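**Student:**
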Amino acid sequence: MKKSLLVFALVLISFSNWAQTKPISKEETVVAKSVEAFRKALIDPTESNLKALTSADLSYGHSSGVLQDQKVFIEKLLNGESDFVTIEFQNQSIQITGDVAIVRHNLAAHTKDSGVEKDIKIGNVLVWQKQKNKWLLIARQAFKLPQ
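The following block contains the structure:
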């Protein structure tokens, strides 16, 4: 009897986990690939790869409250003021509504901003918009995570 109850409980738990897992749509996969390309572009930035992933109307917010447009965002990465050595996006979620995708994740990175090394862990909200059949980052807001 105890074995049957244990087997039933395991089956129920497995089904519950399966039922809670949301299937990933084709569009979510495309957005996830764009986010991954953006992560790689932050580590190895070029003007062309950053412009290809971001909107000319980009609003890029830092956890310090500093806001940058696309031009300043790219400039700071190219001149080394903002230098990502490693970046990992953790606990990522993607929600798509029409031509807008909201991506949330935690960012864990090792930076070398203006030559000063440090490790950071912040939260991010990225807003992507599908423009001319391509997902572009139109807004990013970083925030400090609760301790």
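With mature numbering (1 follows the signal peptide of the UniProt record, and there is no 0) as the guide, the letters of the sequence shown map in order to residues -19 to -1, 1 to 128. Ideal Cβ positions, reconstructed from N, Cα and C, are used throughout, including at glycine. For clarity, every value in this text was computed on a predicted model and none was experimentally measured.
What does a CB cutoff of less than 7 Å around residue 111 pick up in its chain, not counting 5 residues either side in sequence?
**Tutor:** Counting only Cβ-Cβ distances below 7 Å, and skipping sequence neighbours, we find 80.
**Student:** How big is the Cα-Cα spacing for residue 36 and residue 51?
**Tutor:** Each residue's alpha carbon lies about 7 Å from the other.
**Student:** Are at least three pairs of beta-carbons, each pair with one atom in the region 37 to 56 and one in the region 64 to 72, less than 8 Å apart?
**Tutor:** Output reads no: the region 64 to 72 does not touch the region 37 to 56.
**Student:** Using three-state DSSP, classify residue 48 as helix, strand or coil.
**Tutor:** Residue state, collapsed to three classes: strand.
**Student:** Applying the criterion that 16 or more other CB atoms from any shown protein chain within 10 Å of the CB defines a buried residue, is residue 54 buried or exposed?
**Tutor:** Residue 54 should be labelled buried.
**Student:** Looking only at its chain, what residues have a beta carbon closer than 7 Å to the beta carbon of residue 26, apart from the 5 residues adjacent to it on each side?
**Tutor:** Cβ within range, chain order: 58 and 59.
**Student:** I'd like to know whether the C-beta atoms of residue 87 and residue 104 end up nearer to each other than 8 Å.
**Tutor:** Yes, they are a contact pair.
**Student:** Which value, in whole angstroms, describes the spacing of the CA atoms of residue 76 and residue 95?
**Tutor:** Approximately 35 Å between the Cα atoms of the pair.
**Student:** Which runs of the beta strand (DSSP E), 3 residues or longer, sit entirely within the region 12 to 91?
**Tutor:** Correct list: 35 to 42 and 65 to 78.
**Student:** So the beta strand (DSSP E) residue 113 belongs to, where does it begin and stop?
**Tutor:** Neither: residue 113 is in no beta strand (DSSP E) and is coded neither H nor E.
**Student:** Which residue or residues does DSSP assign as beta-bridge partners of residue 93?
**Tutor:** For residue 93, which the question treats as bridged, DSSP gives the partners 98.
**Student:** Taking the alpha carbon of residue 117 as the reference point, which residue from 125, 102 and 83 has its own alpha carbon closest?
**Tutor:** For the residues 125, 102 and 83, the minimum Cα distance to residue 117 belongs to 83.
**Student:** Starting from the C-beta of residue 16, find all residues in its chain whose C-beta is less than 6 Å away, skip the five residues before and the five after it, and write them out in chain order.
**Tutor:** Cβ within range, chain order: 84.
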